[in-house]
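In my numbering, the protein residues as written are 209 to 404.
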């Protein structure tokens, strides 16, 4: 007779988050990678920001309708997680609550066009103010017309000079913010300059 201890085989069960323990323990499923919104909120938190309670989906829909725009998915997710930030954070960044977003956007629309450094123009009716930093620094806007190929792009809008593209998507905007938040965001402008 074999003196080795025989252990009966029991299949591992992983039902509704419960796992068997012991030698047959199943690995828990991996966590999903963080979204751009997770990264942005984490970075803002590390800079000392407080967060307003989340906006609900209906309120975001109302803002989109009032402004005649659509929010890119990442921007919508940001507002579903927090309705902008509170408090003074490093370098005085302000990510607008929906009320301020609307006020700033309507103010910008007193001008017909946003003019880029290359001379191209975008109607202000297609742009939405998202955040800014410091006094007399750019306001960062996103393109909100889903019928335009530039939908979802972010730009630096300077009231005293021409603006420039910062990022092609919300995810890219977050990467630029994390890398450059200690200064004015240059984003794609750096890429164009470095390529010359």
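We put the CB at the ideal spot given by N, CA and C, even for glycine. Keep in mind that this is a model prediction, so the values were computed, not measured.
### Task
Could you tell me the boundaries of the alpha helix (DSSP H) in which residue 359 lies?
Counting along the chain, residue 359 falls outside any alpha helix (DSSP H), and DSSP gives it neither H nor E.
### Query
Of the residues 300, 265, 329, which one's Cα is nearest the Cα of residue 389?
The shortest C-alpha to C-alpha distance from residue 389 to any of 300, 265, 329 is the one to 300.
### Query
What do you reckon, is the C-beta of residue 290 under 7 angstroms from a heavy atom of the ligand GTP?
Annotation note on the ligand GTP: not contained in the displayed structure, which lists no ligands.
### Task
Please list, in chain order, all residues of the same chain as residue 346 whose beta carbon is under 8 angstroms from its beta carbon, the five residues on each side excluded.
340, 364, 365, 366, 371, 392, 393
### Query
Under 8 angstroms between the Cβ atoms of residue 304 and residue 338?
At a Cβ-Cβ threshold of 8 angstroms, residue 304 and residue 338 count as neighbours.
### Task
Starting from the Cα of residue 325, find the closest Cα among 245, 373, 263 and give me that residue.
That would be 373, whose Cα lies nearest to the Cα of residue 325.
### Message
Give me the residue from 273, 254, 307 with the minimum Cα distance to residue 262.
### Response
307
### Query
By DSSP, does residue 371 sit in helix, in strand, or in coil?
strand
### Strand pairing of residue 351, partner residues [DSSP]
335
### Query
Should residue 351 go down as buried or exposed, given a rule of 16 or more other Cβ atoms within 10 Å for buried?
buried
### Task
Can you have a look at residue 395 and say buried or exposed, based on whether 16 or more other CB atoms are within 10 angstroms of its CB?
buried
### Query
Measuring CA to CA, which of 268, 248, 257, 319 is closest to residue 381?
248
### Message
Let me confirm a value: residue 318 is counted as buried when at least 16 other C-beta atoms fall within 10 Å, else exposed. Which label applies?
### Response
exposed
### Query
Given that a residue counts as buried once 16 or more other Cβ atoms are within 10 Å of its Cβ, and exposed if not, what is residue 335?
Buried.
### Message
Measuring only the C-alpha atoms, how far is residue 302 from residue 286?
### Response
14 angstroms
### Message
Rounded to whole angstroms, what is the Cα-Cα separation between residue 274 and residue 236?
### Response
45 angstroms
### Query
Leaving out five residues before and five after residue 387 in sequence, what residues of the same chain have Cβ atoms less than 6 angstroms from its Cβ?
Result list for residue 387: empty, nothing under 6 angstroms.
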